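Note that the working numbering numbers the sequence shown so that position 183 is 547, with each residue one more than the last.
For each residue, glycine too, the CB sits at the ideal point set by N, CA and C.
As the structure is a prediction and not an experimental result, all values here were calculated from the model.
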Amino acid sequence: MQKDEKLNITKEKLLDATFALMEETDDPLNVTSRQIAERAGAKPSMINYCFGSRENLIYQTFQKQYLNFLEDKEIAKLIASDITPRELLKKLHFVVAKCLVENPKFTKAITPFVLFNRDLSQDSFSFAYVKKHYAGRKTDKECKLIAYEMSSMMQLIICRKEDIKKDFGIDMNKEKELKKYIDMRIDLLLGE
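Set out below in structure tokens:
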């Protein structure tokens, strides 16, 4: 077996172990590198070697689940549809927001990483649609920043959904109110 193939197998085992452990616990922030490595049958040092940190591993675990979700036929149809980039962003962000609301353990675990440590040089999923929306009226850097603001603010708000409900009367657990919030955020960030 080739070294790269072994490394990819180890990465997958670490991702799967992280997902399983996070599903089993009440507080995913308490899942340790040692527990993940033990479940994956790997040395704890492989987490840093493969992912750079436990936090990035948790983020990549969520990303893997998210990408699997995006491969869903309904999402693929939505992406292939001829709706405007603004409307597509609203629909996709609603789907992601709903996923974050329904998976509070992952939301709590990944939000600090996304806000403080995610590699901002990497294009986000929303970037292509923000860029398409502006059609050359904004630079790539401006579009990347807008896409980052869309996702990071949404995650932060959902992470604090109980405070948002108490202080602002928006119940993110109700689809209608969540959709209204997402639509408002996209309209605010895309302007015009």
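Starting from residue 546 and walking both ways along the alpha helix (DSSP H), at which residues does that stretch end?
539-554
What's the C-alpha gap between residue 554 and residue 379?
35 Å
Nearest to residue 508 by alpha carbon, out of 497, 521 and 487?
487
Quick check on the DSSP output: the alpha helix (DSSP H) that includes residue 468 runs from which residue to which?
468-480
Just checking my contact of residue 475 with residue 520 at CB under 8 Å: how many whole Å lie between their CB atoms?
6 Å
Distance CB(residue 482)-CB(residue 413) smaller than 9 Å
no
Taking all protein chains shown into account, decide if residue 537 is buried (16 or more other Cβ within 10 angstroms of its Cβ) or exposed.
exposed
Using a threshold of 8 Å, is the CB atom of residue 445 nearer than that to any non-hydrogen atom of the ligand NAD?
This structure simply doesn't include the ligand NAD, nor any ligand for that matter.
Helix, strand or coil at residue 485 [DSSP, three-state]
Under the three-state reduction of DSSP output, residue 485 falls in the coil class, being neither helix nor strand.
Excluding the five sequence neighbours on either side, which residues of its own chain have a C-beta within less than 7 Å of the C-beta of residue 385, listed in chain order?
395, 399, 400 and 403
Buried/exposed call for residue 467, threshold 16 Cβ in 10 Å:
buried
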